[in-house]
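In what follows, a structure is listed as C-alpha cells, so that the remarks can point back to it.
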Amino acid sequence: MHNDIQFCLTCLRDQFWPQTLDGLTLGAIYALIALGYTLVYGVLKLINFAHSEIFMIGVFASLFTLHGLGMQPADPSKTGVALVFTLAAMTLVAMAASGGAAVIIERIAYRPLRRRGAPRLAALITAIGVSLFLQELFAARYGRNLLGFPRVMEKHHLASVAGADIRSDKLLVIFGALILMLALDRFVALSRLGRGIRATSQDPETAALMGVNIDRVIMLTFLLGGMLAGAAGTLYGVFFESARYNIGFLPGIKAFTAAVLGGIGNIRGALVGGLALGLLENYGATVLGGQWKDVFAFSVLVLVLMFRPTGLLGESLGRARA
Amino acid sequence: MLRRRNTVGRLGIALLLSSVVLGACGGGGGSKNKASEGGSTNGKKTVALGFVGPLTGDSANLGVNIRDGAKVAIDEWNKKGGPITYQLKEFDTQGDPAQAPTQKDRYIPDASVLGIVGPAFSGETKAVLPDLEQAGLVMISASATNAALPTVVPNSKVFHRIIADDDVQAQGVSDYVVKVIKPKKVALINDNTEYGKGLWEGVVKLLTAAKIDTTTTDSVDPKSQDFSAAVNKVKAAKVDMVFYGGYYSEAGRLKKQLSDAGVKAKFLSGDGSLDPGFITSSGAAGGEGALLTCPCRLATPDLPGKAGQFATSYKALNGRDPGTYSSEGYDAASMLIAGIEAGNDTRAKLLSYVDTLSSFDGVSKKIEFAPNGNIKAGDVFVYEVKAGKLTELGQTSELAK
Chain A
8 MHNDIQFCLT
18 CLRDQFWPQT
28 LDGLTLGAIY
38 ALIALGYTLV
48 YGVLKLINFA
58 HSEIFMIGVF
68 ASLFTLHGLG
78 MQPADPSKTG
88 VALVFTLAAM
98 TLVAMAASGG
108 AAVIIERIAY
118 RPLRRRGAPR
128 LAALITAIGV
138 SLFLQELFAA
148 RYGRNLLGFP
158 RVMEKHHLAS
168 VAGADIRSDK
178 LLVIFGALIL
188 MLALDRFVAL
198 SRLGRGIRAT
208 SQDPETAALM
218 GVNIDRVIML
228 TFLLGGMLAG
238 AAGTLYGVFF
248 ESARYNIGFL
258 PGIKAFTAAV
268 LGGIGNIRGA
278 LVGGLALGLL
288 ENYGATVLGG
298 QWKDVFAFSV
308 LVLVLMFRPT
318 GLLGESLGRA
328 RA
Chain B
3 MLRRRNTVGR
13 LGIALLLSSV
23 VLGACGGGGG
33 SKNKASEGGS
43 TNGKKTVALG
53 FVGPLTGDSA
63 NLGVNIRDGA
73 KVAIDEWNKK
83 GGPITYQLKE
93 FDTQGDPAQA
103 PTQKDRYIPD
113 ASVLGIVGPA
123 FSGETKAVLP
133 DLEQAGLVMI
143 SASATNAALP
153 TVVPNSKVFH
163 RIIADDDVQA
173 QGVSDYVVKV
183 IKPKKVALIN
193 DNTEYGKGLW
203 EGVVKLLTAA
213 KIDTTTTDSV
223 DPKSQDFSAA
233 VNKVKAAKVD
243 MVFYGGYYSE
253 AGRLKKQLSD
263 AGVKAKFLSG
273 DGSLDPGFIT
283 SSGAAGGEGA
293 LLTCPCRLAT
303 PDLPGKAGQF
313 ATSYKALNGR
323 DPGTYSSEGY
333 DAASMLIAGI
343 EAGNDTRAKL
353 LSYVDTLSSF
363 DGVSKKIEFA
373 PNGNIKAGDV
383 FVYEVKAGKL
393 TELGQTSELA
403 K
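Chains as they are written, first to last, in the working numbering: chain A, 8 to 329; chain B, 3 to 403.
In C-alpha cells form, the structure reads like this:
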C-alpha cells in the first residue's frame, strides 16, 4: 500500500534545506497573520475569528490594485522601479483595506457588545458571524471560483544552497514579513501608543485611571493587526497568485495555531510560533507523507501545550520588554 | 460564572427552538412538493429531472458543464411542445460528500423529480447511493468514475453512469505513459478524495506492473495553496513524470509550483483536471505542456455529426463552448426524457426503463449498460495544454500503438 503512513528519515535528510526554506516562507506569512490574533487577544482576551477574512480582504485588495494599475493576466512581470512601485502600491492599498475593515468590524461587531457588558462568549459568536458574513459577501460579489493573479514578480532562481533554491519571491516574503514584524515590535515597545497597548493588556482598569483611552487603544490594536494581515495578503497574493472568498480560512486557522504555539498575547511568540508551525508542517510531510502533515504539526502543538501551557514563549503582551 | 452558564443555556434553547421551527418548515415544504405531484398547467404536465452536483465551490465548473448539457436536452424537448413540460431542478452539493445528504433530503421527498442527472462526483455519489436505492430514484451520473461505486450498494438497481470508470481510465493512462512518455521513474500524487485517490491507485498499480519506478508518492491537502512539501519531494526524487489524481484547481496549482521550482518532468492528470480552470490556476506559462486524460471527448462545433450539432446548440443556449462532461450531461438527461416520453411517468417505471435499456445512441458515445450500471465501452482521450488552451491529441488506443 503506497499511500499509507511512511517513515522516511533519509527523506528529511535529503530534502532538509529546501523544505526548511519553504517552511520558513509559509511560516513568515502565518506569523504575520498570527500577530493580529495575538494583539487583539492581548488587549481584549478575545479571539477575533474574523481575522482570517481581514486577511482575505488584503488578498483581494492586492488583486484589485493590480487591476487598477491596468495589469492583465498575460502581461509580463514587472522589473526594477515598476516592480517596487507595484509592490508598494499593492501593500499600501491592502494594508488600508484590511486595517479599515478590522476597525469597522471592531466598531460594529465588538464595541456595542463590550459597552453592554456582554460576556466574551457573545463576542466569539459575533466574530464567527462576521467571518461567515464576509466570506459569503465576497462569494456573492466575486464568485466562488478562483481568481488568478497576473505574475507581478518573476520567480528568479538566485542561488542554490544545499539543494534549496533561493528564489526572489521567497526572499521577498521572508524579509518583508520579518521587517514588518520588527517594526511592530519596536512600535509597541517604544511609542506612546504602544505603551497604551501594553498598559491596557496588563490591567485595563488601572490604565484607564492613568488616562489611557481604552477604546482608542482597542481601535488602534485592531488597526495594527488588520494592516499586518493586509500586508500578509499582498505577500500571499504575490507568492500563490490566487484569490478566492475562502482563501483566508486555512491560513487563518494555521496562524491562530501559530499564535497559541508561540504563546498567545506575545508578539515575539507569534513570530516563533509561525515559523515553527511552517517548519513542522513541511518536516512532518517529508517524514510521514503529505496527508500526515497536519496530524504531525498539531500533535507537536498538543505536546508543547502539555509542557508549556502558555505556549513556547508564554509571556503576555503587557510584560513584553521594551 | 452563573452569567456565562446562562448564556450557554440560552444559546442551547435558541438552537433547539430554531431546529424545531426549521424541522417544521422542512416538513411543510415536503408536503407542498407532494401536492404539486403531476401538477398541470394549461392541460400540460410538468415533470422534473434533478441535477445533483457542484454548482459552487472549488470544482464547480465540472458540475456547471453537466447541468448546462442537461439544459440543452430539456430545452430541445420543451421546444417540441409535447404534452409534457420538462424542468431541471438544481441541487448544489458543492461536490462535497458532507453536503450531499442535505441536498438528498430535498430531492428524494420531492415527488416531481423522476430521475437524477448526477451525482457528479464519486464521493458524493457514495454518500447518497443507499438512500437513492431505497427511494427507487434512478440516477445517471455523467462523471462519477470511482471504480468501486457499483459495489457501494450490492446489486444496485438505481446506479448508472455513462462514463468509463477509473480502472478503464487508469489503463488508458498507463498505456499512454508506457508507450509514449516512456519514463523510468515517476512521482504519483493524489488529493485524498474518493475520486483522486481511486484513479491514483489504479495508475500506481499498472505502472508498477510495467516495471516503472513508482516509489515516489505523496498526497496534498486540496484546501491548501501551498504544495511545497510535495514539490520538494518530487524535485529531490529526480523523476521523469508526475501523475496527479485530483481536480483541476489543485492540479493547476501543483503544476505551476512544479514549473516554478524548475521541475521539467512531464505532468499528467486525469479527467477531474480537464477544465480551463486548470489554466486559470496554473497560468498559461505554468500549465504549458500538461497532459490531461479523460474517458470523455470534449464536444466542439467542428466535430462531425451529432457532437458538432450539440456543441452548436450548447453555445447558443449557454453562451460558451461545451466543457468536460457537457455531452454526458446532455445524454443523461436525454435518456431520462426518452423514458418519460415512452410513458414511464413514475419513478418505478422510469427506473425499470433505464435498467432494461439495451442501447442508446448518445452524443458522447453509444451507451450500453453492463448489469452493474457501468457503461460497456470506454475510450480515453488525451489533451495537452498548449499556449493556454486545451488541445486534443487523440485516443490513447491510437496514440499508444
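Even glycine gets a Cβ: it sits at the ideal position worked out from N, Cα and C.
Give the interface partners of residue i over in chain A, defined as CB-CB distance under 7 angstroms, in chain order.
i, result
"Thr282 (chain B)", "Leu153 and Gly155"
"Lys225 (chain B)", "Leu257"
"Ala62 (chain B)", "Arg151 and Asn152"
Taking Cβ-Cβ distances shorter than 7 angstroms, what residues in chain B pair up with residue i?
i, result
"Arg123 (chain A)", "Per Cβ cutoff of 7 angstroms: no residues; Arg123 (chain A) is ~13 angstroms from chain B at best."
"Arg158 (chain A)", "Gly285"
"Asn289 (chain A)", "Ser230 and Ala231"
"Gln26 (chain A)", "Ala231 and Asn234"
"Gly65 (chain A)", "The contacting residues do not exist; Gly65 (chain A) stays about 14 angstroms from chain B at best."
Who pairs with residue i in a beta bridge, going by DSSP?
i, result
"Phe53 (chain B)", "B:Glu92 and B:Val119"
"Ile186 (chain A)", "Paired residues: none, contrary to the question."
"Gln142 (chain A)", "Per DSSP, none; premise fails for Gln142 (chain A)."
"Asp220 (chain B)", "B:Ile191"
"Gly43 (chain A)", "Per DSSP, none; premise fails for Gly43 (chain A)."
"Arg174 (chain A)", "A:His164"
"Gln13 (chain A)", "Per DSSP, none; premise fails for Gln13 (chain A)."
"Ser249 (chain A)", "A:Gly155"
"Val244 (chain B)", "B:Ala189 and B:Phe269"
"Val384 (chain B)", "B:Thr295 and B:Gly396"
"Thr207 (chain A)", "Thr207 (chain A) is not bridged to any residue."
Looking only at C-alpha atoms, which of the options sits nearest to residue i?
i, options, result
"Arg202 (chain A)", "A:Thr86, A:Ala103 and A:Asn220", "A:Asn220"
"Leu276 (chain B)", "B:Lys266, B:Lys81, B:Cys298 and B:Ala287", "B:Cys298"
"Met141 (chain B)", "B:Thr314, B:Ala149, B:Asn148 and B:Val115", "B:Val115"
"Ala50 (chain B)", "B:Pro56, B:Ile191, B:Trp79 and B:Ala286", "B:Trp79"
"Gly281 (chain A)", "A:Ala292, A:Ala262 and A:Gly291", "A:Ala262"
"Pro99 (chain B)", "B:Ala144, B:Gly125 and B:Asp323", "B:Gly125"
"Phe194 (chain A)", "A:Ala68, A:Met313 and A:Ile274", "A:Ile274"
"Asp273 (chain B)", "B:Ala137, B:Tyr109 and B:Leu392", "B:Leu392"
"Ser208 (chain A)", "A:Ile260, A:Gly30 and A:Leu46", "A:Leu46"
"His163 (chain A)", "A:Leu179, A:Leu153 and A:Tyr149", "A:Leu179"
"Tyr48 (chain A)", "A:Ala277, A:Ala96, A:Cys15 and A:Thr27", "A:Ala277"
"Gly240 (chain A)", "A:Val91, A:Glu212 and A:Gly259", "A:Gly259"
"Asp112 (chain B)", "B:Thr127, B:Asp333, B:Gly138 and B:Ile369", "B:Gly138"
"Asp169 (chain B)", "B:Val233, B:Glu203 and B:Pro185", "B:Glu203"
"Lys72 (chain A)", "A:Glu60, A:Gly321, A:Pro157 and A:Thr17", "The question names Lys, but residue 72 (chain A) in the sequence shown is Thr. Taking only the C-alpha atoms, the option nearest Thr72 (chain A) is A:Pro157."
"Pro224 (chain B)", "B:Lys199, B:Asp357, B:Ala239 and B:Gly375", "B:Lys199"
"Thr98 (chain A)", "A:Gly183, A:Leu139, A:Thr213 and A:Glu248", "A:Gly183"
"Leu39 (chain A)", "A:Arg114, A:Ile61 and A:Met78", "A:Ile61"
"Ala266 (chain A)", "A:Val245, A:Thr317 and A:Phe246", "A:Thr317"
So residue i and residue j are in contact, right, with Cβ under 8 angstroms, and what is the actual spacing, rounded?
i, j, result
"Ile68 (chain B)", "Val119 (chain B)", "7 angstroms"
"Ala189 (chain B)", "Val241 (chain B)", "4 angstroms"
"Thr228 (chain A)", "Val50 (chain A)", "5 angstroms"
"Ile281 (chain B)", "Tyr246 (chain B)", "Rounded, the Cβ-Cβ distance is 15 angstroms, inconsistent with contact."
"Gly107 (chain A)", "Leu286 (chain A)", "Rounded, the Cβ-Cβ distance is 33 angstroms, inconsistent with contact."
"Asn55 (chain A)", "Tyr44 (chain A)", "6 angstroms"
"Leu235 (chain A)", "Leu284 (chain A)", "With a Cβ gap of about 17 angstroms, Leu235 (chain A) and Leu284 (chain A) do not count as contacting."
"Val384 (chain B)", "Leu293 (chain B)", "6 angstroms"
"Thr398 (chain B)", "Val382 (chain B)", "4 angstroms"
"Gly55 (chain B)", "Gly71 (chain B)", "Between Gly71 (chain B) and Gly55 (chain B) the Cβ distance is about 11 angstroms, and since that is not below 8 angstroms, they are no contact."
Give the residues of chain A in contact with residue i, contact being defined as C-beta atoms less than 8 angstroms apart.
i, result
"Gly279 (chain B)", "Asn152 and Leu153"
"Gly59 (chain B)", "Arg151"
Could you name the residues of chain B that residue i contacts, counting a contact when the two beta carbons are closer than 8 angstroms?
i, result
"Thr293 (chain A)", "Ala231, Asn234 and Lys235"
"Lys300 (chain A)", "Asp223 and Ala231"
"His164 (chain A)", "Gly264"
"Asp21 (chain A)", "Ala238"
"Gly281 (chain A)", "Under the 8 angstroms cutoff, chain B gives no residues; its nearest Cβ is about 13 angstroms from Gly281 (chain A)."
"Asp172 (chain A)", "Ala263 and Gly264"
Which chain B residues sit within Cβ distance under 9 angstroms of residue i?
i, result
"Asp29 (chain A)", "Asp228, Ser230, Ala231, Val233 and Asn234"
"Gln79 (chain A)", "Within 9 angstroms Cβ-Cβ: nothing; Gln79 (chain A) doesn't reach chain B, min ~12 angstroms."
Residues from the region 246-269 of chain B in contact with chain A, defined by Cβ distance under 7 angstroms: Ser251, Asp262, Ala263 and Gly264
Selection of the region 85-114 of chain B by Cβ proximity to chain A, strictly under 7 angstroms: none
Against chain C: residues of the region 178-196 of chain B by CB proximity under 9 angstroms: Reference to chain C is not applicable here, since the protein chains of this structure are A and B.
Chain A contacts made by the region 204-220 of chain B, where a contact means CB separation under 8 angstroms: Val206, Thr216, Thr219 and Asp220
Short-range partners of chain B found in the region 228-258 of chain A, where Cβ spacing is below 9 angstroms: Tyr243, Phe246, Phe247, Glu248, Ser249, Arg251, Asn253, Ile254, Phe256, Leu257 and Pro258
Near-chain B residues of the region 31-42 of chain A (beta-carbon distance less than 8 angstroms), N- to C-terminal order: Thr32 and Leu33
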